[in-house]
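Undergrad: Going by the working numbering, the sequence shown opens with residue 5, and the numbers climb by one from there.
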Amino acid sequence: MRTAVVGAGAVSEQYVATLAGRPQVRFVAVVDRRADRAAALADRLPGARVATLSAVLAAADVDLLLNLTVPSEHAAITRAGLRAGRHVFSEKPLGISAADAVDLPALAGPGHRLACAPDTVLGTGLQTARAAVADGLIGTPVSAHAVMVTPGHERWHHHPEFFYRAGGGPLLDMGPYYLTALVHLLGPVATVNGIGTRPRPVRRIGRGPRAGDEFGVEVDTHETALLRHAGGAVSTVTISFDGVGTLAPPIEIHGTRGSIAVPDPNHFAGTVRLRRLGERQWTDLPDRAGAVDAARGSGVLDLADAIATGRPAQADPGIAAHVLETVLAVRRSARRDGTAIAVRSRPTVPPRVPLTAC
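1. Using C-beta distances below 7 Å, list every residue in its chain close to Asp-104, excluding the 5 sequence neighbours before and after it, in chain order.
2. What residues match up with Cys-120 in a beta bridge as DSSP calls it?
3. Between which two residues does the beta strand (DSSP E) holding Glu-218 run?
4. By the 10 Å Cβ neighbour count, where 16 or more other Cβ atoms means buried, how is Pro-355 classified, buried or exposed?
5. Tell me the rounded alpha-carbon separation between Ala-63 and Val-74.
6. If you reduce the DSSP assignment to three classes, tell me which class Val-327 lands in.
7. Would you kindly work out how many angstroms separate the C-alpha atoms of Gly-89 and Val-60, rounded to a whole number?
8. For Ile-257, report the span of its beta strand (DSSP E) as first-last.
9. Within the 8 Å Cβ cut-off, does Ser-147 reach chain D?
10. Buried or exposed: Asp-297, going by 16 or more other Cβ atoms within 10 Å of its Cβ?
11. Between the segment 147–164 and the segment 228–240, do three or more beta carbon pairs fall short of 8 Å?
12. Return the bridge partner residues of Ile-243 from the DSSP annotation.
13. If you compare alpha carbons, which of Ala-135, Thr-132, Arg-38, Tyr-19 is closest to Leu-49?
14. Tell me the DSSP secondary structure of Arg-53 in three-state form.
15. For Ala-110, count the other beta carbons within 10 Å of its own beta carbon; 16 or more makes it buried, fewer makes it exposed. Which is it?
16. Could you please give me the residues that DSSP links to His-233 through a beta bridge?
17. Please classify Gly-294: is it buried, with 16 or more other beta-carbons within 10 angstroms of its beta-carbon, or exposed?
18. What residues in its chain sit with their C-beta under 6 Å from that of Gly-322, if we drop five residues either side in the sequence?
19. With distances taken between CB atoms, is the gap from Ala-8 to Leu-69 smaller than 8 Å?
20. Where do the ends of the alpha helix (DSSP H) carrying Glu-108 lie?
21. In angstroms, rounded to a whole number, what distance separates the CA positions of Ala-33 and Ala-52?
22. Measure the alpha-carbon distance for His-188 versus Arg-134 and round it to whole angstroms.
23. Just the Cα atoms here: how many angstroms apart are Pro-192 and Arg-261?
24. Below 6 Å CB to CB, which residues in the same chain sit around Arg-315 once its five sequence neighbours on both sides are set aside?
25. Within the continuous beta strand (DSSP E) that includes Arg-30, where are the two ends?
26. Name the one or two DSSP bridge partners that Gly-200 has.
27. Can you list, in chain order, the residues of its chain with a C-beta nearer than 6 Å to that of Asp-123? Leave out the 5 residues immediately preceding and following it.
28. For Ser-147, which beta-bridge partners are listed by DSSP?
29. Could you please give the first and the last residue of the uninterrupted beta strand (DSSP E) stretch that includes Asp-288?
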C-alpha cells in the first residue's frame, strides 16, 4: 500500500522502524504541521515527499493514511481520509467524542478500510492469554483487574500538555491498551461505573529544553472503572498518572478453575502465567498464539493482508469505537457520582491469531 504518514512525532519512529522496507508498504509522503519534522522523516524514507494533508487526499498515488497525530486530531483526519476513499490506520484513541465512535466505522467500506491501534493485540502475550481463556484453562471467567500507575508523562515528554487537556487523561491515553485487551479476553462491555480525581492542578515538565515549565491540568488524572461485560464477568480498571508505581500485574483474570496473569498490553510479547485450582505454584505458559516479534506498525501489515484477503483486521474499528464509547461512559458516570451507564455497542472480536512470524 502506498502510504502517507500524517504526523511525524515521536511515535512515527516506532512505526517506521517496523514498516520501512516491508513489501506490503511503500511510503510516498509525510505530512506534519512542522515542515522541519516532516522533512527529517521524509529524508529517511526513499521516495517519500513532504506534502500537505489536502495534497495527499487528492493524490492518485496514496492508498493509505497512517494517522499518527495527537488524539484531538485523530477523528478529523480519519474522517477526511475515509471520505476521500483512502484506507486509514489510526493511532489510538479512535476519536474523543461519542459522534466519533458512531460515524467513523460507518464511513469505512470495502474500498476504504479503517483500522485503529492498539495493534498490540496481535502479539503473543495477549493472544496466548486469549487462547488460555478460550480453551477453558481457568474455567468460566468471573472477574479481572487491570492496573497502570505512573507519575505522569511530563517527566519524559518534551511537550506533554495534550495529555492533560480535552482528548487526554489516563483512561483515553493509556486505557485503550487495557480495555482493548479485556474486550478480546472477556468480550464487550455492557455497563460501567466510574470515578476520577485530579489531585494536582499544575504539572511541571521534567526534562528537555522546557524542563521546569509548568502547565495547568484540565482533566482527571486518576481514573477507576468498574465494568460489567456482556458475558457476565466483571472487571476493575485503574489507570493513573498520580502514583509512583505498582507491583500489581497489568491484568489478572480469575475464573472458576484458575487464574492467569497477562503481560503488559502496551507491549506485544510477555509471559502469561497460570495457576489452576488445587495448584500451589504459578506456571509460565509457552506461546500458544499470536504474531512473533510483532511491533508498532504490525497492525498496518495486518490491515494490508486483511484488505487482500477480505477478512476483518485485528485492529478492528468496531472494537476501537466500543472502547471509546466505554471510556466516555466511564467519564460520564464519574460526573454523576458513579451512576451506572450502559454501553450500547457490541463488537465482534476477530478470530485468534495463530502462532506465526510477523
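Here a beta-carbon is modelled for each residue, glycine too, at the ideal position from N, C-alpha and C.
Please read these numbers as outputs of a predicted model, since none were measured by experiment.
TA: The relevant details are as follows:
1. As a working note, residue 104 is residue 100 in the sequence shown. Cβ within range, chain order: Ala-79, Leu-98, Leu-328.
2. If you number the sequence shown from 1, residue 120 lands on position 116. Ser-94, per the DSSP bridge assignment.
3. In the sequence shown, residue 218 corresponds to position 214, counting from 1. It spans 218–220 - the beta strand (DSSP E) in which Glu-218 sits, taken as one unbroken run.
4. Taking the first residue of the sequence shown as 1, we reach residue 355 at position 351. Exposed, since its Cβ has fewer than 16 Cβ neighbours within 10 Å.
5. The residue you call residue 63 lines up with position 59 of the sequence shown. The residue you call residue 74 lines up with position 70 of the sequence shown. Those two C-alpha atoms are separated by around 23 Å.
6. For this step, residue 327 is matched to residue 323 along the sequence shown. If DSSP states are grouped into helix, strand and coil, Val-327 belongs with the helices.
7. Against the sequence shown, residue 89 aligns to sequence position 85. Against the sequence shown, residue 60 aligns to sequence position 56. The straight-line gap from Cα to Cα measures roughly 12 Å.
8. Looking up residue 257 in the sequence shown gives position 253. Unbroken beta strand (DSSP E) run through Ile-257: 255–259.
9. The chain labelled as chain D is not found in the depicted structure, where only one protein chain is given.
10. Working through the sequence shown from its first residue, we reach residue 297 at position 293. Per the 10 Å Cβ criterion, exposed.
11. yes
12. If you number the sequence shown from 1, residue 243 lands on position 239. In the DSSP output, where bridge partners are listed per residue, Ile-243 has Met-152, Glu-227.
13. For the purposes of this step, residue 49 is taken as the residue at position 45 of the sequence shown. Among Ala-135, Thr-132, Arg-38, Tyr-19, the Cα nearest to that of Leu-49 is on Tyr-19.
14. Translated into the one-based positions of the sequence shown, residue 53 becomes position 49. In the structure shown, Arg-53 sits in a strand (DSSP, three-state: E or B).
15. In the sequence shown, the residue the question calls residue 110 occupies position 106. Exposed, because fewer than 16 other Cβ atoms sit within 10 Å of the Cβ of Ala-110.
16. Your numbering for residue 233 matches position 229 in the sequence shown. Partner(s): Val-193.
17. Translated into positions along the sequence shown, residue 294 becomes position 290. When all chains shown are included, Gly-294 counts as buried.
18. For the purposes of this step, residue 322 is taken as residue 318 along the sequence shown, with counting starting at 1. Only Pro-109, Pro-351 meet the Cβ criterion.
19. Residue mapping note: residue 8 aligns to position 4 of the sequence shown, counting from 1. Residue mapping note: residue 69 aligns to position 65 of the sequence shown, counting from 1. Contact flag set, yes.
20. Counted from its first residue, the sequence shown places residue 108 at position 104. One point to set straight first is that residue 108 is Leu, not Glu, in the sequence displayed. Counting along the chain, the alpha helix (DSSP H) containing Leu-108 begins and ends at 102–111.
21. As a first step, residue 33 is located in the sequence shown; it is residue number 29 there, counting from the start. As a first step, residue 52 is located in the sequence shown; it is residue number 48 there, counting from the start. Straight-line Cα distance between these residues: approximately 5 Å.
22. By one-based count along the sequence shown, residue 188 stands at place 184. By one-based count along the sequence shown, residue 134 stands at place 130. Rounded to whole angstroms, His-188 to Arg-134 spans 7 Å at the Cα level.
23. Stepping through the sequence shown from its first residue, residue 192 is reached at position 188. Stepping through the sequence shown from its first residue, residue 261 is reached at position 257. Cα to Cα, the separation comes out at about 22 Å.
24. Locating residue 315 in the sequence shown gives position 311, counting from the first residue. No residues qualify anywhere along the chain.
25. Sequence index remark: in the sequence shown, residue 30 carries index 26 (1-based). That run of the beta strand (DSSP E) goes 30–35.
26. Looking up residue 200 in the sequence shown gives position 196. For Gly-200, which the question treats as bridged, DSSP gives the partners Glu-227.
27. Indexing the sequence shown from 1 puts residue 123 at position 119. Closer than 6 Å at Cβ, skipping near neighbours: Ser-302, Gly-303, Ala-319.
28. Here residue 147 refers to the residue found at position 143 when the sequence shown is read from its first residue. DSSP lists Val-238, His-258 as partners of Ser-147.
29. In the sequence shown, the residue the question calls residue 288 occupies position 284. Segment 287–289, the beta strand (DSSP E) holding Asp-288.
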